[in-house]
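The numbering used here numbers the first residue of the sequence shown as 6 and each following residue consecutively. Note that CB positions come from ideal geometry on N, CA and C, so glycine has one too. In what follows, a structure is listed as structure tokens, so that the remarks can point back to it.
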Amino acid sequence: MKIVGITGGIGSGKTTLARYFNDAFGVPVYYADAEAKALMHSPKLVKQIIALLGEQSYKDGRLDRAFVASRVFKDQKLLDKLNAIVHPAVKQHFKSWVKKQSAPYILKEAAILFENGNAADCDAVILVTAPEALRIERVIDRDGTPVEDIKDRINKQWSDAQKIPLADFVIENIQLSESKKQAEKIHSKLLGDRINT
């Protein structure tokens, strides 16, 4: 079974396209960012995150994402320390999840697949891109995040120019209908590669 990464910067539409692979072709998808958020409520991680960022990190037992983001996206050292807590837990959880799958390939959806070295664990990587102005507009529409905060996050991630040479497939996600056609071609190619190997 192949492990295929699907990545892209904030607002690129990688989650929307990962869902399309699941809905249209039945490809199992591991949403690394969503799983990371869930794991950040496990007792072990709660303890470590409070030790790093303080009691304010959780409100009524729930992670205060706005507070955490306001701290880590302005301080690279803090972000690195938070990632050092969360990423190993996600990696372990992903390994367990993969063992339960039986499809020709699975998708691992993650915002920072290249940045944290996890692309090396994938047999192929799909990169979803979109112009920055469109990405910012999508994130504002989705959750009302202030422009400065979105730009902070964009600046913490690698640029598309850095990621494109490392990706096996690139979907430029401006019109979703066109992106879906590209996804269909990639799906066929991934299944074809499996037949030929």
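- Supposed close pair L112, F26 - CB separation, criterion 8 Å: 6 Å
- Query: Nearest-angstrom Cα distance between Q167 and D65?
  - Reply: 40 Å
- Message: Restricting to Cα atoms, I'd like to know which of A115, K186, L87 is closest to I8.
- Response: A115
- Message: At the level of alpha carbons, what is the spacing between G14 and T134?
- Response: 7 Å
- Query: Rounded to a whole number of angstroms, what is the C-alpha to C-alpha distance between K186 and S62?
  - Reply: 42 Å
- Query: Going straight from the alpha carbon of I155 to that of F72, what length do you get?
  - Reply: 15 Å
- Message: In chain order, what are the residue ranges of uninterrupted alpha helix (DSSP H) at least 4 long that sit wholly in the stretch 136 to 178?
- Response: 137 to 148, 152 to 161, 165 to 168
- Leaving aside the five residues before and after E177 along the sequence, list all residues of the same chain whose C-beta is less than 6 Å from its C-beta, in chain order. T134
- Task: Using alpha carbons as the reference points, say which of H98, G31, S164, S182 lies closest to P136.
- Result: S164
- Assuming L118 and G10 make a contact with CB atoms under 8 Å, what is their CB distance in whole Å? 5 Å
- Outcome for L195 when other beta-carbon atoms lying within 10 angstroms are tallied against a minimum of 16: buried
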